[in-house]
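S.K.: Sharing a structure, written as structure tokens. Questions coming.
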Amino acid sequence: MNKEQKKRQIDAWNAANGDKKLRMDYALSSESVVLDVGAFRGDWTQQIVDRYDCWVYAFEPIHEFFDNVVSRFSKNKKVKVFNLALLDKTGFSVIYRSGKSGDGSSLFREGEEEHIKIKDIEEIFIEQNINYIDLMKLNVEGAEYSILDRLIQTNRVKNIGNIQVQFHDFIKEDILKREKLREILKKSHTETYCFPFVWENWKLI
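Numbering (my numbering), first residue to last: 822 to 1026.
Here it is as structure tokens:
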């Protein structure tokens, strides 16, 4: 996707009021389970909690942002925050912080290095005794491809009510990888909105 195509998608997203409407409008309740994968400063989690009072598992690998999210939700026992990057394996890695804000931090791009813990998403299901996720948000700067592959491999994808994902276009063969994942997702989910390489959502059939 070139810059002009990307700009058109972003403009269309903004025109649809995507951040305030599409990313927030879900059939959730106070008993719903939500995963915020790539929590950053916790803004999305805050909006979801304010609106639905649901249970949230938030994952943020950057230590500075993790500490901020922990502090932000310290009085809310329904929000659990993990200093981890979810992936398809467990171990340690290096993440590269991009810019002063760090909002483009990625395992796949150059920048200021920070050593982080990574964890197989399958282990989270097991360790936290999670059987069903009502909504999972993925904004993980390129790691979404591996995470979705792992969820499909383990069949956990069929236990997720909604998958809200931002695919990133700086990964090798990103267009092919995205299309492959979309074709597989169609077997268990239906697309409810799609702004390519901005945000899209898949709802369990």
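All residues carry an ideal CB built from backbone N, CA and C; glycine is no exception.
Please give the ranges of any beta strand (DSSP E) in the stretch 929-988, keeping only runs that are unbroken, at least 3 residues long and fully inside the region.
M.R.: Every beta strand (DSSP E) of 3 residues or more that sits fully in the stretch 929-988 is shown, in chain order, as 933-941, 956-959, 983-986.
S.K.: Where does ARG999 sit, in a helix, a strand or coil, going by DSSP?
M.R.: Residue 999 sits at position 178 when you count from the first residue of the sequence shown. Collapsing the DSSP output to three states places ARG999 in a helix.
S.K.: Just to confirm, does TYR966 get its C-beta within under 6 Å of one of the non-hydrogen atoms of the ligand GTP?
M.R.: The ligand GTP is absent from the structure shown, which contains no ligands of any kind.
S.K.: Which of the three DSSP states, helix, strand or coil, is assigned to GLY925?
M.R.: Counting from 1 along the sequence shown, the entry for residue 925 is found at position 104. At GLY925, the pLDDT of 49 sits below 50, so the modelled position is not reliable; the number obtained from the coordinates is stated separately. Note: GLY925 maps to coil in three-state DSSP.
S.K.: Assign LEU1006 to one of three DSSP states: helix, strand, or coil.
M.R.: Position 185 of the sequence shown, counting from 1, holds the residue named residue 1006. DSSP places LEU1006 in helix when its eight states are reduced to three.
S.K.: What does the Cβ neighbour count give for ASN1022, buried or exposed, with the cut at 16 atoms within 10 Å?
M.R.: To locate residue 1022, count along the sequence shown from 1; it is residue 201. Per the 10 Å Cβ criterion, buried.
S.K.: Cα separation between GLY923 and ILE939?
M.R.: Residue numbering aside, residue 923 sits at position 102 when the sequence shown is read from its first letter. Residue numbering aside, residue 939 sits at position 118 when the sequence shown is read from its first letter. With a pLDDT of 49 at GLY923, under the threshold of 50, the modelled position of that residue is not reliable, and the figure given next carries that caveat. Whole-angstrom Cα-Cα distance: 18 Å.
S.K.: I need the straight-line Cα distance from TRP834 to ILE968, nearest angstrom please.
M.R.: As a position in the sequence shown, residue 834 is number 13, starting the count at 1. As a position in the sequence shown, residue 968 is number 147, starting the count at 1. Taking the straight line joining both Cα atoms gives about 24 Å.
S.K.: Rounding to the nearest angstrom, what Cα-Cα distance links VAL961 and PHE861 in this structure?
M.R.: Your numbering for residue 961 matches position 140 in the sequence shown. Your numbering for residue 861 matches position 40 in the sequence shown. The alpha-carbon atoms of VAL961 and PHE861 are separated by roughly 10 Å.
S.K.: Given 8 Å as the limit, is there contact between the stretch 870-878 and the stretch 891-906, that is, 3 or more CB pairs closer than that?
M.R.: yes
S.K.: Using CA coordinates, which residue listed in ASN897, ARG829, LYS828, LYS979 is at the minimum distance from MET957?
M.R.: As a first step, residue 957 is located in the sequence shown; it is residue number 136 there, counting from the start. Comparing Cα-Cα distances from MET957 to each of ASN897, ARG829, LYS828, LYS979, the minimum goes to LYS979.
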